[in-house]
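Mapping the sequence shown onto the working numbering, position 40 (from 1) lands on 243, and the numbers just tick up by one.
Glycine included, every Cβ here is placed at the ideal spot set by N, Cα and C.
Notes follow the structure.
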Amino acid sequence: MTQSSCQSCVHCTPPAATGSGWCRLRRLSVHAELANQVFCHHWTSRPPSLPEFNLQEPLLIPLDRQLDLCDSMQTSDQDVELKVRL
204 MTQSSCQSCV
214 HCTPPAATGS
224 GWCRLRRLSV
234 HAELANQVFC
244 HHWTSRPPSL
254 PEFNLQEPLL
264 IPLDRQLDLC
274 DSMQTSDQDV
284 ELKVRL
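What follows is the structure, given as structure tokens:
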């Protein structure tokens, strides 16, 4: 979400399920239906939110191993024919 709106502003608290959001900077409530449409000149992008990393759950990929991107990006040389026009 990169659109400039109260919904993506660092100063605004997102609206609750049944209520309105709150702009901490301007100290006013922002209706949930309008939060993605309105913004002010104080709008500042909210940093991206990443999912929580739970170390209690078993991991599929060991943490001490670097991912091998070459294997996932290679295609079979026998199946691909490249033509170069000069």
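*Considering Val213, what are the terminal residues of the beta strand (DSSP E) in which it resides?*
For the purposes of this step, residue 213 is taken as residue 10 along the sequence shown, with counting starting at 1. That residue, Val213, is in no beta strand (DSSP E); it is neither H nor E in DSSP.
Original post:
Quick one: what does DSSP say Cys168 is sitting in, helix, strand or coil?
Top reply: This structure gives no information on residue 168, because the portion of the chain shown stretches from 204 to 289.
| request: Take the Cβ of Cys226 as the centre, count every other Cβ of all protein chains shown within 10 Å, and call the residue buried at 16 or more, exposed below. | output: Position 23 of the sequence shown, counting from 1, holds the residue named residue 226. It is buried - the Cβ of Cys226 has at least 16 other Cβ atoms within 10 Å.
(message) Please report the straight-line C-alpha distance between Gln240 and Asp267, rounded to a whole angstrom.
(response) As a first step, residue 240 must be located in the sequence shown, where it is residue number 37. As a first step, residue 267 must be located in the sequence shown, where it is residue number 64. Their backbone Cα atoms lie some 45 Å apart in a straight line.
> If you run the structure through DSSP and keep just helix, strand and coil, what is Leu237?
Replying inline: Residue numbering aside, residue 237 sits at position 34 when the sequence shown is read from its first letter. Correct three-state label for Leu237: coil.
Can you tell me the Cβ-Cβ gap for His214 and Leu228, rounded? I've got them flagged as a contact below 8 Å. Position 11 of the sequence shown holds residue 214. Position 25 of the sequence shown holds residue 228. Correct: roughly 4 Å between the Cβ atoms.
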